[in-house]
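With the first letter of the sequence shown counted as 1, position 22 gets the number 23 in this note's numbering; the numbers rise by one all the way through.
Every residue gets a Cβ at the ideal spot worked out from N, C-alpha and C, and that includes glycine.
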Amino acid sequence: ASALTGSAKSTWASFLKSIASFNGDLASMTAPPFILSKTSLVEYSAYWTEHPKLFVAPAKEQDPEKRALLVLKWFLSTLKQQYSSRSEKLGSEKKPLNPFLGELFLGHWEDEEAGRTELISEQVSHHPPVTAYSIFNEKHGVKLQGYNGQKAGFASMTINVKQVGIARLRLEKWDEEYLITLPALHIEGLVYGSPFVELEKSTIIQSSSGFFAKIDYSGKGWVGGKSNSVSAELYDNKTGKLLYTISGQWTKELVVKKVKTEVERFEHGEKNPTTGLTIKPIEEQDPLESRRAWAKVGAAIDKGDYDETGIEKSKIENAQRNLRKKEKEEGTTWERRYFSAVDKVDDVDALVERAGKFMKGVLGITPFCMDEPAKTNGVWVFDTKKYEDVVSGRKAEEVRRAGETVLEATE
Ligand SMILES: CCC(=O)OC[C@H](C)CC[C@H]1O[C@H]2C[C@H]3[C@@H]4CC=C5C[C@@H](O)CC[C@]5(C)[C@H]4CC[C@]3(C)[C@H]2[C@@H]1C
2 ASALTGSAKS
12 TWASFLKSIA
22 SFNGDLASMT
32 APPFILSKTS
42 LVEYSAYWTE
52 HPKLFVAPAK
62 EQDPEKRALL
72 VLKWFLSTLK
82 QQYSSRSEKL
92 GSEKKPLNPF
102 LGELFLGHWE
112 DEEAGRTELI
122 SEQVSHHPPV
132 TAYSIFNEKH
142 GVKLQGYNGQ
152 KAGFASMTIN
162 VKQVGIARLR
172 LEKWDEEYLI
182 TLPALHIEGL
192 VYGSPFVELE
202 KSTIIQSSSG
212 FFAKIDYSGK
222 GWVGGKSNSV
232 SAELYDNKTG
242 KLLYTISGQW
252 TKELVVKKVK
262 TEVERFEHGE
272 KNPTTGLTIK
282 PIEEQDPLES
292 RRAWAKVGAA
302 IDKGDYDETG
312 IEKSKIENAQ
322 RNLRKKEKEE
332 GTTWERRYFS
342 AVDKVDDVDA
352 LVERAGKFMK
362 GVLGITPFCM
372 DEPAKTNGVW
382 VFDTKKYEDV
392 VSGRKAEEVR
402 RAGETVLEAT
412 E
């Protein structure tokens with residue numbers, strides 16, 4: 002039975018019909034008001050580090066094999082936040098606001114043990130939408146940087162989303178790097194009007210220290226599997242030996258086994274509460290920061306005033322169109338504040354190659370999801386120089402002007 006009643010049911014039905022003529026660009030879909038979230042997609046980078054203790058744990062481990070296991074454990078612990086936290090909090094998956102080019106989301110986590118972890122997230126491309134992020138904890142020398150976009154399609158009442166991009170975790174103390182690929186997902190429950198994310202297929206983690214993880218995702222399928230299931234295997238690249246497995250439901254509990262013997266259970270919930278992200282009060286934020294930029298839209302969504310939502314949204318969308326037009330006439334492009342696009346990153350290519358060799362040579366499978374880093378229009382990397390110029394105030398003038406341009410355009 003549908004979760005919707007009355008007019009919501011009819012708007013949802015017409016919405017489902019509109020998806021059927023879907024052109025692949027999720028952001029361009031006009032979803033019915035009750036499915037709209039006031040959170041912008043640029044905020045989703047924060048889902049990587051809502052457990053700062055797990056994020057810094059690998060840096061404190063002497064043994065390289067155990068470090069690789071702790072990285073796998075941290076990664077698996079982010080899945081619930083990434084892919085089911087809206088359903089938990091809001092009752093279903095929601096449609097995030099489509100970030101404008103240059104939109105920023107800045108904050109930090111303060112944790113008594115991990116110390117301060119900094120978040121920088123920037124919408125580095127609008128067509129196609131690409132978010133780049135850098136999350137770092139100086140105290141433990143742990144740095145995560147990455148970027149992601151989405152390629153979506155529609156089939157048999159389901160939205161299928163392939164993620165484009167990579168995440169790279171760096172442990173300064175051990176001079177170690179981990180390449181992390183991103184899971185494909187599909188949106189289930191559309192026909193009932195209560196959409197939620199299910200992950201599918203496989204991803205990998207390949208470390209420069211010689212450990213490889215294969216992570217397989219599955220849902221409630223005809224084999225009676227449980228929803229949100231995951232099964233990960235951690236191997237030693239050199240010996241090809243299977244060292245650990247971690248499996249279970251990424252929304253509930255995962256079991257770590259040293260091959261056959263269980264060594265640990267960890268779960269997501271009250272026993273493992275997330276740490277809240279600290280962000281500046283809106284009045285102190287830069288005009289490009291997401292919650293300030295979308296404040297009027299968010300207020301309208303909170304009021305349930307969808308006309309107001311539409312009016313305020315189109316102000317921002319028109320402002321963006323005008324900016325792009327002006328840039329085109331002047332032959333300029335928007336200056337990304339913290340990230341730069343490069344054709345290739347040597348250590349990423351090295352990890353991609355190592356993983357491919359292991360999959361083919363030892364696991365005897367065709368290397369998968371290795372084409373993403375190459376296929377996108379460039380790899381987005383965190384530009385430390387740009388960051389220091391902003392923090393030091395050397396770019397104060399550009400920062401002020403960028404904010405003013407956006408404010409003027411939105412008037
Ligand atoms: C566009 C049609 C529409 O509005 O349908 C309504 C439904 C809410 C389904 C579409 C939206 O579902 C949302 C789920 C979002 C993903 C959730 C988590 C992540 C992980 C994060 O690290 C990167 C972003 C990503 C992949 C989100 C991308 C956008 C998704 C698919 C939203 C859909 C518009």
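Q: Could you say which of Leu42, Ser230 and Trp175 lies nearest to Asp64 if we only look at CA atoms?
A: Distance from the Cα of Asp64 is smallest, within the candidate group Leu42, Ser230 and Trp175, for Trp175.
Q: May I ask which residues mark the beginning and end of the beta strand (DSSP E) holding Val353?
A: Segment Asp347 to Gly362 is the alpha helix (DSSP H) holding Val353; no beta strand (DSSP E) there.
Q | Local conformation of Asp306 per DSSP, three classes | A | Coil, per DSSP.
Q: For Val192, collect the residues of the same chain with a Cβ closer than 6 Å to its Cβ; drop the 5 residues on either side in sequence, then sort them by chain order.
A: Once the five neighbours on either side are set aside, the close Cβ partners of Val192 are Met158.
Q | 3-residue-minimum beta strand (DSSP E) runs that sit fully inside the segment 237 to 323, ordered along the chain | A | Whole beta strand (DSSP E) segments, 3+ residues: 243 to 250, 254 to 259 and 262 to 268.
(Q) Can you look up Lys39 in the DSSP assignment and give me helix, strand or coil? (A) Strand, per DSSP.
**Q.** Euclidean distance between Cα positions of Asp384 and Ser341
**A.** When rounded, the distance between both Cα atoms is 6 Å.
**Q.** C-alpha gap between Val110 and Pro282, whole angstroms
**A.** At residue 110 the sequence reads Trp, which differs from the Val that was named. Looking at the backbone, the Cα of Trp110 and that of Pro282 are separated by about 15 Å.
Q. How about His141 and Ala115: are their beta carbons less than 9 Å apart?
A. Ala115 is positioned such that its CB atom lies closer than 9 Å to that of His141.
Q | Pick from Gly190, Leu170, His187 and Ile188 that is closest to Ile181, judged by C-alpha positions | A | Check the Cα spacing between Ile181 and each of Gly190, Leu170, His187 and Ile188: the tightest is with Leu170.
Q: Indicate whether Gly379 and Val343 have their beta-carbon atoms separated by less than 9 Å.
A: A contact, by the Cβ cut-off of 9 Å.
Q. Under 8 Å from any heavy atom of ligand 1, does the C-beta of Trp49 make it?
A. Correct: Trp49 has its Cβ closer than 8 Å to ligand 1.
Q. Which residues does DSSP pair with Lys152 in a beta bridge?
A. For Lys152, which the question treats as bridged, DSSP gives the partners Lys163.
(Q) Please return the same chain residues whose Cβ sits closer than 6 Å to the Cβ of Lys376, not counting the five positions on each side in sequence. (A) Because Lys376 carries a pLDDT of 49, less than 50, the predicted location of this residue cannot be relied on, and no value is offered for it.
Q. Using the C-alpha atoms, what's the distance from Leu102 back to Thr132?
A. So the alpha carbons of these two residues sit roughly 9 Å apart.
**Q.** Nearest neighbour of Glu173, chosen from Pro184, Glu201, Glu139 and Ile160 [CA to CA]
**A.** Nearest in C-alpha terms to Glu173, of all of Pro184, Glu201, Glu139 and Ile160, is Glu139.
Q: Check the DSSP bridge columns for Phe137 and list the partner residues they point to.
A: Note: Phe137 sits in a beta bridge opposite Glu119 and Lys144.
**Q.** Other residues of its chain near His187: CB distance less than 7 Å, five sequence neighbours each side excluded
**A.** Only Thr159, Ile160, Asn161, Val162, Glu199 and Glu201 meet the Cβ criterion.
Q | beta-carbon Ala133 near ligand 3 non-hydrogen atom, thresh 8 Å | A | With respect to ligand 3, the structure shown offers nothing to examine, as its ligands consist of ligand 1.
Q: Measure the Cβ-Cβ separation of Glu424 and Thr276 and say whether it is below 9 Å.
A: Because the chain is modelled from 2 through 412, residue 424 falls outside the range shown and cannot be assessed.
**Q.** Terminal residues of the beta strand (DSSP E) in which Asp217 lies
**A.** Boundaries of the beta strand (DSSP E) around Asp217: Phe212 to Ser219.
Q | Closest by C-alpha distance to Ala420, when choosing among Thr31, Ala403, Thr118 and Ala69 | A | Coverage of the chain is limited to positions 2 through 412, which leaves residue 420 absent and any answer about it impossible.
Q. Mind checking whether Leu98 and Leu37 have CB atoms under 9 Å apart?
A. Their beta carbons are under 9 Å apart, which means Leu98 touches Leu37 by this criterion.
Q.
Pop quiz: Asn323 and Ala410 are said to be a contact at Cβ under 8 Å. What is the actual Cβ separation, rounded to whole angstroms?
A. Between Ala410 and Asn323 the Cβ distance is about 5 Å, and since that is below 8 Å, they are a contact.
**Q.** Rounded separation between Trp381 and Glu412 - CA only
**A.** The alpha-carbon separation between Trp381 and Glu412 amounts to approximately 31 Å.
Q: Could you check the C-alpha separation between Arg68 and Ile205 for me, to the nearest Å?
A: So the alpha carbons of these two residues sit roughly 16 Å apart.
Q. Quick one: what's got a C-beta closer than 6 Å to Pro129's C-beta in the same chain, skipping five residues either side?
A. Counting only Cβ-Cβ distances below 6 Å, and skipping sequence neighbours, we find Gly150.
Q) At which residues does the beta strand (DSSP E) containing Leu186 begin and terminate? A) Where Leu186 is concerned, the enclosing beta strand (DSSP E) stretches over Ala185 to Glu189.
Q) Hey, how far is the Cα of Lys358 from the Cα of Glu189? A) When only Cα atoms are considered, Lys358 and Glu189 end up about 35 Å apart.
**Q.** Distance between beta carbons of Gly220 and Ser210, contact taken as under 8 Å
**A.** Beta-carbon to beta-carbon, Ser210 and Gly220 are separated by about 32 Å, too far to satisfy the 8 Å threshold.
Q) Where does Asn238 land, buried or exposed, given buried means 16+ other C-beta within 10 angstroms? A) So Asn238 counts as buried.
Q.
Following a CB-centred definition, is Leu191 positioned closer than 8 Å to any heavy atom of ligand 1?
A. Yes.
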